[in-house]
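Below is one structure, written out as structure tokens; the observations come after it.
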Amino acid sequence: MTMKDTAQDGLLASPALLAKIDKLRERNIGSHIPLPQLVVVGDQSSGKSSLLESLTGIPFPRNVELCTRYATQITQRRDNITQVNITIIAGPRSTDEHKNFVAAYHGSATSGDDLRAKFPAILQEVNARMGIRTDPSVKGGTVFSEDVLKIEICGPTADYLTVIDVPGIFRNPTEGVTTKEDMAMVRNMVTGYIQNSRTIILAVLPCNIDIANQEILTLAEEYDKKGERTLGILTKPDLVLETSAKETICSIVENKRKRLALGYYVVRSRGADQDDSGYESREHMFNQDPWRRLDKGRVGVRALKSRLGELLGDMARREFPKLRKDVTDMLRVAEKERDDLGPARQDESEQRSFLSTMAGKFQELVTAGIEARYSKYAAFDDSVHLRLITQVVFLADRFSQEFKSKAARRSFDSDADACEDFGVDDDDQGAAEARETLEFAVEDLSLEDFPELDGIITDDDDFGYPEDGIMDWITNLHLQSRGMELGTFSDAVWTSAWREQSSKWSAMSRAFASRVIMVVQRFITQAMNIVCVDKEVRETLWACLQEEVLWRYKKTTDFLEYLISVERDLNPYTLNQNFSKARQEAHANRVAAHILSKLNSVERQESDLATVNIATIRTSTRDKSNIKDVAEQLHDDLSSYYAIARERFVDNVFAHVVGSHLLLGPDTPLKVFTHEWVIGLKAEQLGAIAGETTSVKEQRANLNRKIKDLRTAKKILQF
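Residues 629 to 1347 (my numbering) make up the sequence shown, in order.
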């Protein structure tokens, strides 16, 4: 059959639609998304090449193995000019250099005779371009290639048909020619095509071999379990001589054995010594028994070709809407994957821009976290741990209340609020739930989760309430330390009493600062996870930031120690006018209490007014030992000063340790990762932090190619 003969049968497929699909295939879109296609598969020497020559009219040379080292795509399309164009489509894993090298090749012919004359030389050049080794004595090169040879036949009477031929499966390597690796490569190449759900499998089965032994059918069944897209093509019927064997072949064609949804066709292709044989002479045998009983629509190359056109057209029309959707969906996913990698980071400028943008986003989260502008970013709704200032204020309120009720070593006689509660009204369900959420957020803090803070913070937070018996303790302290003071106590006793009474301040303030530091560190960690999705970059970046961040935490705790030392190690002193007022009030309350204790029940009234005998007053203020009088003075002075110092210390801890050193000051841990820090990095530091690894470069390059291919595909598929 000549090239002209093969174009005379009308095909039902839409030429424009099939042309779009062929354009997709040329651009390797098939490596991303399954494309509708007809793929010829079979064992070596199954008659595939002869079948293709009968279908397409291409005059394959007798050394047909020249075309079985790679997939061959044969396309027929209508055009005003009769010509044959031969190109190479680079394999999906090809380097840019190889793509450019094979893309530079272009073979052509003006007629069948012209192609027949040029074809051996064309194939030799194609093999060389692909790197195929055809001479076993020559080292280097490969035996098989993932590149695709495309042969496009154009003519005014040509109808659209595209068929792909893949290398034949072989079971035993040929010494010096093929290896087990080659055998596996071919099998993988074949399965790569037939596992595509949009592939119609044209299984070529020689009639002279028992169909039960045809491995290609078994392989097809593996990926087409219901046999819905496999069409059997029985070749070489002229080699079947026994009547029983012919009957068996006929029963297979009638789909009575090894049933397939698409059924079977039987064709007689040209033989190796039948280069010039005509179609009619080869098909004449089907007019004889038992072949002539077969449905004429299942016999011969013309019937097969007509059916292939129908199948390809139906598949293309049916899958086209899904194909467009698949391209759109895959493009969206690929673009997101590339976006997740961040901008390209190939040179110093790109790397600095990448980190600077990241630092800017990080500082935006810091500002929002400190100013409680949580509605600006969805991340704050997803994690209470990012609500930085809310957690800090909650911890500060609790610290203030606990310090007031627990920080004194012993309860003063005037204390009445040692066990006060604080917080929100639990009758308000919403407020109670919010409080529970915050309590969980801060109670969930554990030093084990922050090993990098070991040696900087403490997890000691178990502090009991003050002890009783302060007057006995003060009396004993005075007795053990008094000198020759007259009616008073020494500075040494005052200082000892103060340091003992404030001895829990250090541990309680350290515990508070530690919890705030953990809250800040947790915020930094989560904010970094948000602004830098690349784990490898994030870990490298943190390794560079960590030393400075930890040093600032250490500065914070050092300043806290300074505040503690100022309050506890220096001699107690205050300029606060309330100190004098408080000690006078304490003395007056003590005198009043003593007088009231002397009144009898008759004199005692339910109001603040009472009639008191002057003698009683004189007695109550006179009958007191020196030791008791001094102890009461020390208690009242200590109590008055303690209240002032406690409020001062709590405010200073919050203002200087939390506010200035951890949150709002110019040198807080939150201000390490900034634009200024990025600008100060040297080129080698930028490369170490933000430079793309080989794997990321490959991933980005693959995604860029994929996105480019899919965008091209989207344009091709537009109506």
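All C-beta atoms in this analysis are idealised placements derived from N, C-alpha and C, irrespective of residue type, glycine included.
The structure presented is a predicted model; accordingly, all values stated were derived computationally and were not measured.
Check your understanding: The beta strand (DSSP E) with Thr-863 in it runs from where to where?
Key -> It spans 858–863 - the beta strand (DSSP E) in which Thr-863 sits, taken as one unbroken run.
Exercise for review: Compare the C-beta of Gln-842 with all C-beta atoms of chain C and state if any pair is closer than 8 angstroms.
Suggested key: The chain labelled as chain C is not found in the depicted structure, where only one protein chain is given.
Review point. What's the gap between the Cα of Asn-755 and the Cα of Thr-762?
Key: The alpha-carbon atoms of Asn-755 and Thr-762 are separated by roughly 8 angstroms.
Review point. Given Pro-918, which residues of its chain have a CB within under 7 angstroms of its CB, disregarding the five upstream and five downstream residues?
Key: Lys-874, Glu-875 and Cys-878, listed in sequence order.
Practice item. Please check the pair Val-667 and Val-832, which I expect to be a contact at CB under 8 angstroms, by giving their CB distance rounded to whole angstroms. Key: In fact, because the Cβ distance is near 11 angstroms, the residues do not count as touching under 8 angstroms.
Exercise for review: Have a look at the DSSP bridge pairing and note the partners of Leu-830.
Suggested key: Paired residue(s): Val-668 and Leu-859.
Exercise for review: Kindly give me the distance between the Cβ atoms of Cys-782 and Gln-711, rounded to whole angstroms, as I take these residues to be in contact under 8 angstroms.
Suggested key: The beta carbons of Cys-782 and Gln-711 sit about 5 angstroms from each other, so the pair counts as a contact at 8 angstroms.
Point to revise | Collapsed DSSP secondary structure at Val-692 in the structure displayed | key: Summary for Val-692: the model assigns pLDDT 44, below 50, so the residue's position carries little reliability; its value from the coordinates is reported in the next sentence. Three-state DSSP puts Val-692 in a helix.
Practice item. Classify Asn-713 as helix, strand or coil using the three-state DSSP reduction. Key: Strand.
Point to revise | Beta-carbon contacts of Phe-1050 that lie in its chain and below 6 angstroms, excluding the five residues immediately before and after | key: Unreliable positioning characterises Phe-1050 in this predicted model, as indicated by a pLDDT of 42, which lies under 50. A coordinate reading is not provided.
Check your understanding: Do the region 1269–1282 and the region 1156–1166 meet, that is, are 3 or more Cβ pairs less than 8 angstroms apart?
Key -> The answer is no - the region 1156–1166 does not touch the region 1269–1282, with fewer than three Cβ pairs under 8 angstroms.
**Study point:** C-alpha gap between Thr-807 and Pro-801, whole angstroms
**Key:** In this model, Thr-807 and Pro-801 are separated by some 5 angstroms (Cα to Cα).
Review point. According to DSSP, which residues form a beta bridge with Leu-1073?
Key: Residue pairing by DSSP places Leu-1073 in no beta bridge whatsoever.
**Study point:** Three-pair Cβ contact test at 8 angstroms for the region 1315–1333 versus the region 1164–1183
**Key:** The answer is yes - the region 1164–1183 touches the region 1315–1333, with three or more Cβ pairs under 8 angstroms.
Practice item. Can you tell me which of Asp-650, Asp-724 and Pro-1079 puts its alpha carbon nearest to the alpha carbon of Gln-704? Key: The shortest C-alpha separation from Gln-704 is found at Asp-650.
Exercise for review: Could you tell me which of Pro-662, Leu-847 and Lys-933 sits nearest to Thr-827, measuring between CA atoms?
Suggested key: Checking every option, the nearest Cα to that of Thr-827 belongs to Pro-662.
Review point. Taking the beta strand (DSSP E) that Lys-778 falls in, what are its first and last residues?
Key: Going by DSSP, Lys-778 is part of the beta strand (DSSP E) stretching over 776–783.
Practice item. Check Asp-650 in the structure and name its three-state DSSP category. Key: Taken through DSSP and simplified to helix, strand or coil, Asp-650 comes out as helix.
Review point. Where does Ala-1259 land, buried or exposed, given buried means 16+ other C-beta within 10 angstroms?
Key: The residue is buried, with at least 16 neighbouring Cβ atoms inside 10 Å.
Review point. How many angstroms separate the CA atom of Asp-1072 from the CA atom of Ser-977?
Key: Using only the alpha carbons, I get a separation of about 42 angstroms.
Point to revise | C-beta atoms of Ser-682 and Val-927 nearer than 8 angstroms | key: Note that the C-beta distance between Ser-682 and Val-927 is not below 8 angstroms.
Review point. Do the region 963–971 and the region 1331–1343 meet, that is, are 3 or more Cβ pairs less than 8 angstroms apart?
Key: Verdict: yes, contact present.
Point to revise | Contact under 8 angstroms by Cβ, Tyr-893 with Ile-880 | key: No. Outside cutoff.
Check your understanding: Going straight from the alpha carbon of Arg-697 to that of Asp-957, what length do you get?
Key -> Taking the straight line joining both Cα atoms gives about 35 angstroms.
Exercise for review: Pull up the distance between the alpha-carbon of Gly-997 and that of Ser-1134, whole angstroms please.
Suggested key: Just so you know, the alpha carbons of Gly-997 and Ser-1134 end up roughly 29 angstroms apart.
Practice item. Taking Ala-1024 as part of the beta strand (DSSP E), name the residues at either end of that continuous run. Key: In the DSSP assignment, Ala-1024 falls outside any beta strand (DSSP E) and within the unbroken alpha helix (DSSP H) covering 1016–1034.
Review point. What separation, rounded to the nearest whole angstrom, lies between the Cα atoms of Asp-1162 and Asp-968?
Key: Roughly 8 angstroms separates the two Cα atoms.
Practice item. Determine the direct distance from the alpha carbon of Asp-707 to that of Leu-951, and round the result to whole angstroms. Key: Taking the straight line joining both Cα atoms gives about 26 angstroms.
**Study point:** Nearest candidate by alpha-carbon position, reference Asp-935, set Leu-859, Asn-915, Ile-709 and Thr-871
**Key:** The sequence as given places Arg at residue 935; Asp does not occur at that position. If we check each option's Cα against that of Arg-935, Leu-859 comes out closest.
Check your understanding: Taking only runs of the alpha helix (DSSP H) that begin and end inside the region 906–960, which ones reach a length of at least 4 residues, in chain order?
Key -> 907–911, all fully within the region 906–960.
Review point. Alpha carbon to alpha carbon, what distance is there between Ala-987 and Asp-1009?
Key: Distance from the CA atom of Asp-1009 to the CA atom of Ala-987, rounded to whole angstroms, is 22 angstroms.
**Study point:** Nearest-angstrom beta carbon gap, Asp-1257 and Arg-1211 [assumed within contact, 8 angstroms]
**Key:** In fact, because the Cβ distance is near 14 angstroms, the residues do not count as touching under 8 angstroms.
**Study point:** Closest by C-alpha distance to Arg-1387, when choosing among Gly-1097, Tyr-1190, Cys-1172 and Gln-974
**Key:** Outside the shown range of the chain (629 to 1347) lies residue 1387, about which nothing can therefore be said.
Check your understanding: Straight-line CA distance for Arg-757 to Ala-737?
Key -> Straight-line measurement puts the Cα of Ala-737 at about 19 angstroms from the Cα of Arg-757.
Review point. Helix or strand or just coil, what does DSSP make of Gly-735?
Key: Here Gly-735 sits in strand by DSSP.
Check your understanding: Whose C-alpha, out of Gly-1083, Ala-1125, Ile-822 and Arg-980, is nearest the C-alpha of Thr-1103?
Key -> The shortest Cα separation from Thr-1103 among Gly-1083, Ala-1125, Ile-822 and Arg-980 belongs to Ala-1125.
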